[in-house]
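Here's the structure, in structure tokens; my notes come after.
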């Protein structure tokens, strides 16, 4: 299997999103230059990205079949399977994630939320029950929850992750603003607001042509 | 000025976070190998990352002064200035961002939230007033809000961005799950959950040694 870069993987949902807009408009085919122009990527990048997931080449002039490309991308991204996940930390951010309406479409099924706050335990957020932490191990095992979404404060993130991994989780989607350590073979993907802001600020201060 | 990669910029907040933990513990110096081991980066990467922001070299054995390095990183990341921002879309995600307690520490000051929902307008979320969209232009101008945080649904994101840019905003921090187009010189940084999940899923399915 071809090796995909992080940046490349991050682009595929943007292709998919735009292809669905085109499909809804009744379009049948799309060319690489059209995708490139709309999404702000280079034409070469678009061709490489699409060739990496699909054997079928686009036909010159006519381009690629939109319906087929959507199917290819959804399969590649795992949207046509179901992966079970648990979410830990039902605060503001965790609550927003529990309410996020698109995870099911992406093949991600959050089976329960967890929190230490007795005010939250037993309630539902976004239709998901909030359970106490001592139910974490059995829930991960029962639902074969491979992904753990971590939305706890920094100071408790590592402890929570260790606990989840002991119960059989294989991937950590870390929204806590701190580094977490995991053993070899365990996947960590960070959504770090400070990191994203660092990129934005740097570009704003040093690359924007309109900066003061 | 040296050119920084996105991945490199994204690492600096993790250094800073760990350095603050060390400082709180009363540590004075830190070596590159220690940082590398704790954060899961290579030693070479750590040395390169730190040299890129600081003239001062670490002394062999002794390492770098933690207090000084914190100061360097905070200055580099813009945490010691104040940049005004507005947030548009006070739903679940927007609300979580308005409640996020660390933006002020990062030099980001959200001066107001905006929403079209009359139920939300006039209320406060996370201590920030929610204003109607027709106040957007004057608020951006009054506070010189250079950053616009976009947390609206996909279908209205482009329209909102166009409106904000017309009022003088220079950077878009886009949390809407869609591509947005901006003129040359305007900065866009996406926080896209689908992109992050794409990276996580791919690693889980094709790189994790424990995958089934």
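Residue numbers (our numbering), protein chains in the order written: chain A, 1471 to 1682; chain B, 1471 to 1682. The beta-carbon is built from N, C-alpha and C at its ideal position, and this holds for glycine as well. Remember, it's a predicted structure, so these values are computed and weren't measured experimentally.
Check: For residue 1554/B, decide whether its Cβ has a neighbour in chain A, counting only Cβ atoms nearer than 8 Å.; Outcome: no
Check: Mind checking the region 1533-1549 of chain A against chain B and listing, in chain order, the residues whose C-beta falls within less than 7 Å of any C-beta there?; Outcome: 1547, 1548
Check: Return the residue from the list 1547/A, 1559/A, 1578/A, 1577/A that minimises the CA-CA distance to residue 1485/A.; Outcome: 1547/A
Check: Which residues of chain A have a Cβ atom closer than 7 Å to the Cβ of residue 1476/B, listed in chain order?; Outcome: 1669
Check: Output yes if chain D places a C-beta closer than 8 Å to the C-beta of residue 1657/A; else output no.; Outcome: Protein chains in the displayed structure are A and B, and chain D is not among them.
Check: Report back the beta-carbon spacing between residue 1639/A and residue 1616/A to the nearest angstrom; my notes put them in contact at under 8 Å.; Outcome: 6 Å
Check: Does the separation of the CB atoms of residue 1500/A and residue 1509/A fall below 8 Å?; Outcome: no
Check: If we ignore side chains and look at the alpha-carbon of each, how far apart do residue 1659/A and residue 1642/A end up?; Outcome: 6 Å
Check: For residue 1656/A, does the count of other Cβ atoms within 10 angstroms reach 16, so buried, or fall short, so exposed?; Outcome: buried
Check: Excluding five sequence neighbours on each side, which residues of the same chain lie with their C-beta closer than 6 Å to the C-beta of residue 1673/B?; Outcome: none
Check: Report yes or no: is there a C-beta of chain B within less than 8 Å of the C-beta of residue 1661/A?; Outcome: yes
Check: By DSSP, does residue 1681/B sit in helix, in strand, or in coil?; Outcome: Residue confidence is low: residue 1681/B scores 39 on pLDDT, short of 50, so the model does not pin down where it sits. No coordinate-derived value is stated.
Check: Excluding five sequence neighbours on each side, which residues of the same chain lie with their C-beta closer than 8 Å to the C-beta of residue 1633/B?; Outcome: 1603, 1606, 1607
Check: Under 8 Å, CB to CB, which of the residues in the region 1497-1513 of chain A have a partner in chain B?; Outcome: 1508, 1509, 1510
Check: Within the chosen definition, does the region 1476-1485 of chain B reach the region 1519-1539 of chain B through at least 3 CB pairs nearer than 8 Å?; Outcome: yes
Check: Between which two residues does the alpha helix (DSSP H) holding residue 1610/A run?; Outcome: 1606-1613
Check: For the alpha helix (DSSP H) containing residue 1652/B, name the first residue and the last one.; Outcome: Counting along the chain, residue 1652/B falls outside any alpha helix (DSSP H), and DSSP gives it neither H nor E.
Check: For the region 1555-1570 of chain B, which residues have a CB atom closer than 9 Å to at least one CB atom of chain A, in sequence order?; Outcome: 1561, 1562, 1563, 1564, 1565, 1566, 1567, 1568, 1569, 1570
Check: In the DSSP assignment, find the beta strand (DSSP E) that holds residue 1504/A and state where it starts and stops.; Outcome: Here residue 1504/A belongs to no beta strand (DSSP E); instead the alpha helix (DSSP H) covers 1502-1509.
Check: How many angstroms separate the CA atom of residue 1648/B from the CA atom of residue 1627/B?; Outcome: 8 Å
Check: What residues of chain B sit near residue 1648/A, judged by a beta carbon separation below 7 Å?; Outcome: 1487
Check: Find the nearest neighbour of residue 1663/B within the set 1574/A, 1475/A, 1474/A, 1495/A, judged by alpha-carbon distance.; Outcome: 1574/A
Check: Roughly how far, in whole angstroms, is the beta-carbon of residue 1567/B from the beta-carbon of residue 1557/B, given that I think they are within contact range, below 8 Å?; Outcome: 6 Å
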